[in-house]
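**Student:** Below is the structure I would like to discuss, written out as structure tokens.
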Amino acid sequence: MELVDIGANLTHESFREDFDAVLARARKAGVSRIVVTGASAGGSRAALELARDHAGFLYATAGVHPHHAHEVDEATIALLRELAEAPEVRAIGETGLDYFRNYSPHAAQISAFERQLAIAIDTGKPLFLHQRDAHADFIGVIDGVRDRISHAVVHCFTGERDELVAYLDRGFHIGITGWISDERRGLHLRELVKLIPADRLMIETDAPYLLPRDLKPKPSHRRNEPMYLAHVCAAVAHARGETVEQVAASTTAVASAFFDL
Ligand SMILES: [Zn+2]
Numbered sequence: 142m143e144l145v146d147i148g149a150n151l152t153h154e155s156f157r158e159d160f161d162a163v164l165a166r167a168r169k170a171g172v173s174r175i176v177v178t179g180a181s182a183g184g185s186r187a188a189l190e191l192a193r194d195h196a197g198f199l200y201a202t203a204g205v206h207p208h209h210a211h212e213v214d215e216a217t218i219a220l221l222r223e224l225a226e227a228p229e230v231r232a233i234g235e236t237g238l239d240y241f242r243n244y245s246p247h248a249a250q251i252s253a254f255e256r257q258l259a260i261a262i263d264t265g266k267p268l269f270l271h272q273r274d275a276h277a278d279f280i281g282v283i284d285g286v287r288d289r290i291s292h293a294v295v296h297c298f299t300g301e302r303d304e305l306v307a308y309l310d311r312g313f314h315i316g317i318t319g320w321i322s323d324e325r326r327g328l329h330l331r332e333l334v335k336l337i338p339a340d341r342l343m344i345e346t347d348a349p350y351l352l353p354r355d356l357k358p359k360p361s362h363r364r365n366e367p368m369y370l371a372h373v374c375a376a377v378a379h380a381r382g383e384t385v386e387q388v389a390a391s392t393t394a395v396a397s398a399f400f401d402l
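Residue numbers (the working numbering): 142 to 402.
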């Protein structure tokens with residue numbers, strides 16, 4: 142079985158101590174490739190360095206998360222444009238809108254989002270998108286450039302049916318995390334995941350965040366890591382009434398095509 146983790150924040154400080162062991166455990170669990178999420182200027186640069194150090198196993202995205210939108214200035218955009226040219230960078234993002242935490246003002250989030258969409262348009266690279274509690278504005282911004290962007294994945298989808306339908310109607314791909322294993326907040330996802338055509342579905346851990354809540358035995362720590370992608374794959378397969386092998390093969394093929402791995 143071979144899996145692709147399309148979103149792991151491996152530049153996070155919690156991986157500094159045992160990075161090589163984390164990668165070894167991922168490989169052992171069947172994770173053959175990982176797309177390292179770039180979520181800030183420095184983080185995107187670090188993600189590219191990781192991808193260069195682990196060619197063929199790690200790849201990177203270049204972007205600034207809406208939480209950090211208030212930090213985006215001309216130098217940030219210039220850096221992202223430079224990083225986006227690197228062959229190891231396979232998508233622009235993570236970018237989008239997050240009105241749940243509101244760490245950055247809405248206007249700053251929208252502006253940073255638009256500027257990153259422009260980078261995706263200019264480079265022709267796919268988009269790695271984040272949306273939380275901002276669906277209407279998110280759709281409004283993206284519909285302004287819809288006909289000029291190539292592919293897009295809405296990562297860590299946790300929304301409701303109307304949001305999912307809006308993304309699928311626009312031809313977007315969907316990333317599912319261990320949120321689906323959350324017995325408090327993820328139950329609706331177990332129904333919605335059935336609506337996603339196999340050729341639009343990918344899986345991710347969003348490590349170190351979103352440790353699946355139903356791991357057995359329960360780890361002593363709360364840090365998520367790519368080896369638990371196998372658990373996400375099994376949860377998705379169970380919800381869709383498919384075999385683990387089917388979901389692994391299909392999501393790996395979709396991710397390979399989407400990120401040109
Ligand atoms: Zn995100």
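Every residue gets a Cβ at the ideal spot worked out from N, C-alpha and C, and that includes glycine.
Just so you know, these numbers come straight off a predicted model, no measurement behind them.
(1) Go to G183, then tell me how far its beta strand (DSSP E) extends in each direction, as first and last residue.
(2) Within its chain, find whatever has a CB closer than 6 Å to the CB of H206; leave out the 5 residues flanking it on each side and keep chain order.
(3) For a test of your reading of the model: does the CB of D274 fall under 8 Å from any non-hydrogen atom of ligand 1? Yes or no.
(4) Is it the case that the Cβ atoms of A232 and G265 are separated by a distance below 9 Å?
(5) Is the beta carbon of A182 sitting closer than 9 Å to the one on E212?
(6) Rounding to the nearest angstrom, what Cα-Cα distance links S397 and A216 in this structure?
(7) Taking only heavy atoms of ligand 1 into account, decide whether any of them is closer than 8 Å to the Cβ of D161.
(8) Enumerate, from N- to C-terminal direction, the unbroken alpha helix (DSSP H) stretches of 4 or more residues contained entirely within the region 245 to 326.
(9) Less than 8 Å between the CB of D263 and some heavy atom of ligand 1, yes or no?
(10) Looking only at its chain, what residues have a beta carbon closer than 6 Å to the beta carbon of F156, apart from the 5 residues adjacent to it on each side?
(11) Run through DSSP, which three-state label would T236 get?
(12) Just mark G312 as buried or exposed, buried being the case when its beta carbon has 16 or more other beta carbons within 10 Å.
(13) Measure from the alpha carbon of I337 to the alpha carbon of each residue in L305, R325, Y350 and T318, then state which is nearest.
(14) Report the partner residues of R174 according to the DSSP bridge assignment.
(15) Closer than 8 Å to a non-hydrogen atom of ligand 1 - does that hold for the CB of D278?
(16) What does DSSP give as the partner residues of A162 in its beta bridges?
(17) Taking C-alpha atoms, which residue in D401, L402, H372 and R273 lies nearest to V388?
(18) Just to confirm before moving on: does the CB-CB distance between L330 and T299 stay below 9 Å?
(19) Considering only the alpha carbon of each residue, which of D278, A253 and R193 lies closest to I93?
(20) I'd like the list of long-range same chain contacts for R326, defined as Cβ closer than 6 Å, with 5 residues on each side in sequence excluded.
(21) Would the beta-carbon of H271 be found less than 8 Å away from any heavy atom of ligand 3?
(22) Do you know how far the Cα of E154 is from the Cα of E229?
(23) By Cβ distance below 8 Å, which residues in the same chain neighbour T346 in space, the five residues on each side in sequence not counted?
(24) Just how far apart, CA to CA, sit D310 and K359?
(25) Quick test of your reading: L144 and V172, contact by CB under 8 Å. State the CB separation rounded to the nearest angstrom.
(26) May I ask you to list the residues that DSSP assigns as paired with Y369?
**Tutor:** Taking the definition as stated:
(1) Counting from one through the sequence shown, the residue named residue 183 turns up at place 42. Looking at the DSSP string, G183 is not in any beta strand (DSSP E); the run it does join, the alpha helix (DSSP H), is A182 to D194.
(2) One-based indexing of the sequence shown puts residue 206 at position 65. Cβ neighbours of H206 beyond the five flanking positions: A180 and E235.
(3) Reading the sequence shown from its first residue, position 133 is the one you call residue 274. The nearest non-hydrogen atom of ligand 1 is 8 Å or more from the C-beta of D274.
(4) The residue given as residue 232 occupies position 91 in the sequence shown. The residue given as residue 265 occupies position 124 in the sequence shown. Not a contact, by the Cβ cut-off of 9 Å.
(5) If you number the sequence shown from 1, residue 182 lands on position 41. If you number the sequence shown from 1, residue 212 lands on position 71. Their beta carbons are under 9 Å apart, which means A182 touches E212 by this criterion.
(6) Along the sequence shown, read from residue 1 onward, the residue named residue 397 stands at position 256. Along the sequence shown, read from residue 1 onward, the residue named residue 216 stands at position 75. Looking at the two C-alpha atoms, the distance is approximately 32 Å.
(7) Against the sequence shown, residue 161 aligns to sequence position 20. Result no, Cβ not under 8 Å from ligand 1.
(8) 247 to 264, 276 to 284 and 302 to 310
(9) Within the sequence shown, numbered from 1, the residue matching residue 263 stands at position 122. Not under cutoff, so the answer is no.
(10) Within the sequence shown, the letter at position 15 stands for residue 156. Only V163 meet the Cβ criterion.
(11) In the sequence shown, residue 236 corresponds to position 95, counting from 1. Correct three-state label for T236: strand.
(12) The residue labelled residue 312 in the question sits at position 171 within the sequence shown. With fewer than 16 other Cβ atoms within 10 Å, it is exposed.
(13) Reading the sequence shown from its first residue, position 196 is the one you call residue 337. Nearest C-alpha to I337: L305.
(14) By 1-based counting over the sequence shown, the position of residue 174 is 33. R174 is bridged to V145.
(15) Against the sequence shown, residue 278 aligns to sequence position 137. Taken from the Cβ of D278, every heavy atom of ligand 1 lies 8 Å or farther away.
(16) Taking the first residue of the sequence shown as 1, we reach residue 162 at position 21. DSSP lists no partner for A162.
(17) Indexing the sequence shown from 1 puts residue 388 at position 247. The shortest C-alpha separation from V388 is found at H372.
(18) What you label residue 330 is simply residue 189 of the sequence shown in a count that begins at 1. What you label residue 299 is simply residue 158 of the sequence shown in a count that begins at 1. One thing to note: L330 has its Cβ within 9 Å of the Cβ of T299.
(19) This structure cannot settle anything about residue 93, because the visible part of the chain is limited to 142 through 402.
(20) Position 185 of the sequence shown, counted from the first residue, corresponds to residue 326. Excluding positions up to five away in sequence, the list is empty.
(21) As for ligand 3, it is missing from this structure, which binds only ligand 1.
(22) Within the sequence shown, numbered from 1, the residue matching residue 229 stands at position 88. Within the sequence shown, numbered from 1, the residue matching residue 154 stands at position 13. Cα to Cα, E229 sits roughly 22 Å from E154.
(23) The residue you call residue 346 lines up with position 205 of the sequence shown. Hits under 8 Å: D146, G148, A149, T318, G319, N365, E366, P367, Y369, L370 and V373.
(24) The count along the sequence shown starts at 1 and reaches residue 310 at position 169. The count along the sequence shown starts at 1 and reaches residue 359 at position 218. C-alpha separation (whole angstroms): 38 Å.
(25) In the sequence shown, the residue the question calls residue 144 occupies position 3. In the sequence shown, the residue the question calls residue 172 occupies position 31. Rounded, the Cβ-Cβ distance is 5 Å, consistent with contact.
(26) Here residue 369 corresponds to residue number 228 of the sequence shown, with the count starting at 1. DSSP, once it has assigned bridges, lists no residue as partnering Y369.
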